[in-house]
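Student: There's a structure below that I have some questions on.
There are 2 protein chains.
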Amino acid sequence: MFAADCQARVAFDLLAGTWNAVVLHTLRTGPQRPAELRARIGGISPKVLHETLRRLEFSGLLERRAYAAAPPRVEYGLTELGRSLLGPIEAMATWAYAHADEVLAAQERGEASA
Amino acid sequence: MFAADCQARVAFDLLAGTWNAVVLHTLRTGPQRPAELRARIGGISPKVLHETLRRLEFSGLLERRAYAAAPPRVEYGLTELGRSLLGPIEAMATWAYAHADEVLAAQERGEASA
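Sequence order for the protein chains is A and B.
The numbering of the first sequence is this note's numbering, which starts it at 1 and goes up by one.
The numbering of the second sequence is this note's numbering, which starts it at 1 and goes up by one.
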């Protein structure tokens with residue numbers, strides 16, 4: 001099922017940048033302005049958020065809407081393609097909540113015996 | 001649900017290395033020797049496979065078994081923790097088969113208009 005150049009790698013590469021999944025997940029409730037996203041996502045800088053939004057837009061997962069207001073207003077929202085990725089992201093997050101501590105404990109044991 | 005230092009990031013970081021998911025998935029049928037894994041996974045070098053196996057072992061997802069034979073034989077197999085990650089990996093791979101082409105098409109359009 002897996003080969004070096006196969007489609008599955010597209011999905012894992014998409015979620016390789018940790019912030020990609022976090023931004024997609026945070027937009028599940030609807031389009032938001034960058035400032036709103038930053039308030040909801042702890043620890044992301046304006047620069048990293050901007051790069052993540054552009055990367056996800058470039059991959060067809062987000063769409064950018066600009067409103068002619070003073071000052072101009074921009075919102076980002078999930079495309080249908082982006083919304084379809086929320087399921088696998090949820091599966092990963094659910095696994096993480098159940099097992100992240102076991103992974104971290106194994107890594108600590110590994111460091112201690114290194 | 002997501003914050004900068006939350007557990008979900010452990011999961012996405014684990015699958016950030018594209019080969020991690022491919023190796024875990026290939027081991028779903030049972031323990032295998034590195035040579036068998038390389039034969040099943042197209043495009044992975046011995047060095048990258050070795051690093052991936054050690055990284056997954058370090059995270060508690062794989063276990064390494066050495067057999068006293070001549071020459072010595074080594075196998076890698078999924079731990080229970082590793083097997084529990086196959087579900088989310090399948091969800092990602094299934095999404096990729098359905099949508100990877102749409103992502104690649106969006107990226108090509110983006111490059112064309114850049």
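Think of the CB as a built atom: it goes at the ideal place given N, C-alpha and C, for glycine as much as any other residue.
Note that the coordinates shown come from a computational prediction; the quantities given were computed from them, not determined experimentally.
#1: Is there contact here, the segment 26-44 of chain A with the segment 70-86 of chain B, by at least three beta-carbon pairs under 8 Å?
#2: Taking valine 74 of chain B as the query, report the chain A residues whose CB atoms sit under 7 Å from its CB, ordered along the chain.
#3: Looking at chain B, is there any beta carbon in it that lies within less than 8 Å of the beta carbon of glutamate 36 of chain A?
#4: How would you list, in chain order, the residues of chain B whose beta-carbon sits under 8 Å from the beta-carbon of glutamate 102 of chain A?
#5: Taking the beta carbon of histidine 99 of chain A as the centre, do at least 16 other beta carbons fall within 10 Å, making it buried, or is it exposed?
#6: When the Cα of alanine 93 of chain A is compared with those of A:Leu53, A:Val10, A:Leu14, A:Val22, which residue comes out closest?
#7: Thinking just about the alpha-carbon of each residue, which of A:Ser84, A:Trp19, A:Tyr67 is nearest to the one in alanine 96 of chain B?
#8: Mind checking if leucine 56 of chain A is an interface residue toward chain B, Cβ cutoff 8 Å exclusive?
#9: Measure the C-alpha to C-alpha separation of valine 103 of chain A and tyrosine 76 of chain B and round it to an integer number of angstroms.
#10: Determine, using beta carbons only, whether leucine 15 of chain B and leucine 81 of chain A come nearer to each other than 8 Å.
#11: Using the Cα positions of leucine 62 of chain B and histidine 50 of chain B, report the straight-line distance between them to the nearest angstrom.
Tutor: Answer, in terms of the structure:
#1: no
#2: Those do not exist, as valine 74 of chain B stays about 18 Å from chain A at its closest Cβ, beyond 7 Å.
#3: no
#4: By Cβ distance, chain B contributes Gly60, Leu81.
#5: buried
#6: A:Val22
#7: Per the C-alpha coordinates, the member of A:Ser84, A:Trp19, A:Tyr67 positioned closest to alanine 96 of chain B is A:Ser84.
#8: no
#9: 17 Å
#10: Against a cut-off of 8 Å, the Cβ pair of leucine 81 of chain A and leucine 15 of chain B comes out as no contact.
#11: 12 Å
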